[in-house]
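Trainee: Once you've had a glance at the structure underneath, I'll fire off some questions.
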Amino acid sequence: MVSRLTANLQLYGALSADEQRAVENMVISTRAVAAGEDLVVEGDAPTHCRVLLEGQAFRHKTLPDGRRQIMAFHIPGDVCDLQGLFLGMDHNVTSLSAGEIGLIPHAKLTEVMEVHPRSARAFWSTSLVEAAVFREWMVGMGRRSAYARIAHLFCEMVVRMRAAGLVHQNRCSFPITQQHLSDALGLSAVHTNRTLQALRGEGLLTFQGGELVIMDWPGLTAAGEFDAGYLHQAGKSA
Amino acid sequence: MANGPSSEHARLIRKLETITTLSGDEKEALTTIPLRLKSFVEDTDLSPEGAAPTESCLVVDGLVCRYRLLGAGQRQIMSLHLPGDIPDLQSLHLSVMDHSLGSLTSGRAAYLPHAAVRDLTDRFPNITAALWRDTLIDAAITREWLAGVGRRTAHQRIAHLVCEVFVRSRALQLVEEGAFELPITQAELGDATGLSTVHVNRVLQDLRRDDLITWRGRSILVLDWERLRLAADFDAGYLHLLDEPSILTPRASRLRSGLAD
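Protein sequences, first through last, are from chains A and B. Numbering follows the working numbering, in which position 26 of the first sequence is assigned residue number 26; successive positions increment by one, without gaps. If you want the working numbering, it's the position in the second sequence, counting the first as 1, plus 1000.
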């Protein structure tokens, strides 16, 4: 499913058939990953980029006192460690579920981007959107209630997964535990659990066994004060 | 470069040279970017949320921040920007601003037309790499702030912010005898760290009482860098500076050695 990569890039700018082929041909090999596998870790100086083709993953960093902060969730089509092209890794990326990754050698990526500047813009745009997501999470953590934070995260994932064709009717797979949710949103496990119950109780969603079902989208976006603008999906908002 | 670069172009080049290596040709190409200079007073929007700018803003003098306003009139400051930074470089590729860029002090900005920057990035892959790298470091700083708001104590958050601005200022040669400018109010510091002004005030008193820093007007003097760094749980690795002196932990040293790759 290498086409997931080009589909993701094209959320931020059209690529010609030639450009798409050049991008897809950069993936020199694919391999299966197990759930909970570290795809790239802090301190690594990668020579390849890893594009997620199947399954989901998360970015995280453990602070010296042992507390973990999750900083993003990744879905198929995302390049997990594009920053490795220019910077060493200052955080980890770990898979959430069994899946598949594709490997892109940095040398090949550089070459394709030089020949096809539009592909460079699209790749750069994906890293800029990631940065916008980090900022949005920071705003949430600094200023939003637990209730709004959880609703906001679910809205974000639904919009991103819908653009990737991963939402069926009103359902999508989001294989995280309540612990992941707590570590992403800076909440205690008890608080997360109680807040999920409240969202369910109000008929906005159900979230069980890694499956998210949206029952009331307008209600959920209102609860999360969610505006998809920061995802910059031109003409593709939910 | 008959007349040499303007002081504004020199600021940009100096900043980029803290994070990457530029050839003579690349530096000369950067000096050809036409700049529109503009002075600003404090609390001005340089690039407001919702706008679709055709230029990016290079900070020449003064302190600038990115922020978002939330429904209840609350503000979250998401980053601080020093002379040489281009805080809205993202608008080169993401057309609509998803936050505002505003001044915290008076100062000067130089606006770079996107068309001129795109022309350079199409012709000089290493300039693309330098600017892209800058935006990635910016993202790394955001992640660090995210971890701070999520997981650090009030003391750590404030000390961490002081450490960050100190190290970034030093890389830009803006530190003199241990002192650097951080012209920010306690309310603004609260907006950046998710703390109340009262809480910020108490933490600053503690940092002073522990002889870590003194704050005089617009300026901070670092009295004991090592203890301040420990109090903040600060590791400069995420700033990915080329010449950061070895205050780093083994972990960050590994990160730096990765840059040689």
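Ideal Cβ positions, reconstructed from N, Cα and C, are used throughout, including at glycine. This structure is a prediction, so every number in the text was calculated from the model and none was measured.
1) Between residue 1186(B) and residue 1195(B), what straight-line distance do the alpha-carbon atoms span, to the nearest angstrom?
2) Near residue 185(A), which residues of its chain fall below 6 Å by C-beta distance, leaving aside the five closest residues on each side in sequence?
3) Could you give the distance in angstroms between the alpha-carbon of residue 69(A) and the alpha-carbon of residue 42(A)?
4) Hey, out of 1120(B), 1112(B), 1169(B), 1124(B), whose CA is closest to residue 1046(B)'s CA?
5) Let me check understanding here. Comparing Cα to Cα, which of 95(A), 104(A), 56(A) lies closest to residue 30(A)?
6) Take the Cβ of residue 1219(B) as the centre, count every other Cβ of all protein chains shown within 10 Å, and call the residue buried at 16 or more, exposed below.
7) Quick one, which of 1101(B), 1210(B), 1236(B) has its alpha-carbon nearest residue 1227(B)'s?
8) Residues of chain E with a CB under 8 Å from the CB of residue 141(A): which are they?
9) What is the rounded straight-line gap between the Cα of residue 1153(B) and the Cα of residue 1164(B)?
10) Kindly indicate which three-state DSSP category residue 1253(B) falls into: helix, strand or coil?
11) I need the DSSP call for residue 125(A), collapsed to helix, strand or coil.
12) Near residue 26(A), what residues of its chain come up, given a Cβ to Cβ distance below 7 Å and the 5 sequence neighbours on each side ignored?
13) Counting only runs that start and end within the stretch 1113-1195 of chain B, where is the beta strand (DSSP E) found for 3 or more residues in a row?
14) Excluding the 5 residues flanking residue 127(A) on each side, which residues of the same chain have their C-beta closer than 7 Å to its C-beta?
15) If residue 49(A) sits next to residue 79(A), beta carbons under 8 Å apart, how far is it from one beta carbon to the other, in whole angstroms?
16) Let's test the definition: count the other Cβ atoms within 10 Å of the Cβ of residue 125(A) and tell me whether it reaches 16, buried, or not, exposed.
17) Between the alpha carbons of residue 1208(B) and residue 1058(B), how many angstroms are there, rounded?
18) Hey, residue 225(A) and residue 152(A): beta-carbon distance below 8 Å or not?
19) At a Cβ threshold of 8 Å, is residue 1185(B) touching chain A?
20) Return the CA-CA distance between residue 24(A) and residue 165(A), expressed in angstroms with no decimal places.
21) Looking only at C-alpha atoms, which of 1110(B), 1161(B), 1084(B) sits nearest to residue 1141(B)?
Mentor: Result, derived from the coordinates:
1) Cα-Cα distance, rounded: 10 Å.
2) Its chain contains 149 as the residues whose beta carbon lies nearer than 6 Å to that of residue 185(A), once the 5 sequence neighbours on both sides are disregarded; these appear in chain order.
3) Their backbone Cα atoms lie some 13 Å apart in a straight line.
4) Here the closest residue by C-alpha is 1112(B).
5) Of all alpha-carbon atoms in 95(A), 104(A), 56(A), the one lying nearest the alpha-carbon of residue 30(A) is that of 104(A).
6) Around the beta carbon of residue 1219(B), fewer than 16 other beta carbons lie within 10 angstroms, which makes this residue exposed.
7) It is 1210(B) whose Cα lies nearest to the Cα of residue 1227(B).
8) No chain E appears in the structure shown, which is made up of the protein chains A and B.
9) Taking the straight line from one Cα to the other gives about 16 Å.
10) Only weak support is given to the placement of residue 1253(B): the predicted model assigns it a pLDDT of 44, under 50, and the value that follows is read from those uncertain coordinates. Note: residue 1253(B) maps to helix in three-state DSSP.
11) Of the three classes helix, strand and coil, the one that applies to residue 125(A) here is helix, per DSSP.
12) Cβ neighbours of residue 26(A) beyond the five flanking positions: 104, 108, 109, 112.
13) Counting only runs of 3 or more, we get 1179-1181.
14) Around residue 127(A): 82, 83.
15) Indeed they touch by this definition, with Cβ atoms about 5 Å apart.
16) Counting Cβ neighbours within 10 Å, residue 125(A) comes out buried, since at least 16 surround it.
17) Taking the straight line joining both Cα atoms gives about 33 Å.
18) With respect to the 8 Å criterion, residue 225(A) and residue 152(A) are classified as neighbours on the basis of their beta carbons.
19) Not one chain A Cβ lies under 8 Å of residue 1185(B).
20) Taking the straight line joining both Cα atoms gives about 18 Å.
21) Cα-wise, what sits closest to residue 1141(B) is 1161(B).
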